[in-house]
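Position in the sequence shown (from 1) plus 1 gives the number in our numbering. The beta carbon of each residue, even a glycine, is placed where N, CA and C say it ideally should be.
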Amino acid sequence: MKAFINERKCPAKDEICLVLTSCPQNAIAYHPDKAARMGGRIEIDLDRCDGCGQCVADCCGKAIELR
């Protein structure tokens, strides 16, 4: 299983998002994007994600799920 983000549920910006530092595989990153709803996107590198679920537990908006 891999982690996926539902951007509609995501309430955070890069400076307050806990999942950016909680992933033991460093598979989560913030990418500035002026066209994005929050001025940027939080993205998961599926090649690095091992499906541990730590990001799911730490996501304050319940925007991440394992599939």
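Does ILE65 pass the burial test, meaning 16 or more other C-beta atoms within 10 Å, or should it be called exposed? By 1-based counting over the sequence shown, the position of residue 65 is 64. Under this definition ILE65 is a buried residue.
Can you pull the DSSP bridge partners for ASN41? Translated into positions along the sequence shown, residue 41 becomes position 40. Looking at the sequence shown, residue 41 is not Asn but Gly. For GLY41, which the question treats as bridged, DSSP gives the partners PRO33.
Apart from the five residues just before and just after GLN55, which ones in its own chain have a Cβ nearer than 7 Å to its Cβ? On the sequence shown, residue 55 is found 54 positions in, with the first residue counted as 1. Result list for GLN55: SER23, CYS24 and PRO25, in chain order.
Quickly, what does DSSP pair LEU67 with across the bridge? List them, please. Numbered from its first residue, the sequence shown carries residue 67 at position 66. LEU67 pairs with ALA4.
Hey, how far is the Cα of GLY62 from the Cα of ILE43? Reading the sequence shown from its first residue, position 61 is the one you call residue 62. Reading the sequence shown from its first residue, position 42 is the one you call residue 43. Annotation: GLY62 to ILE43 spans about 13 Å, alpha carbon to alpha carbon.
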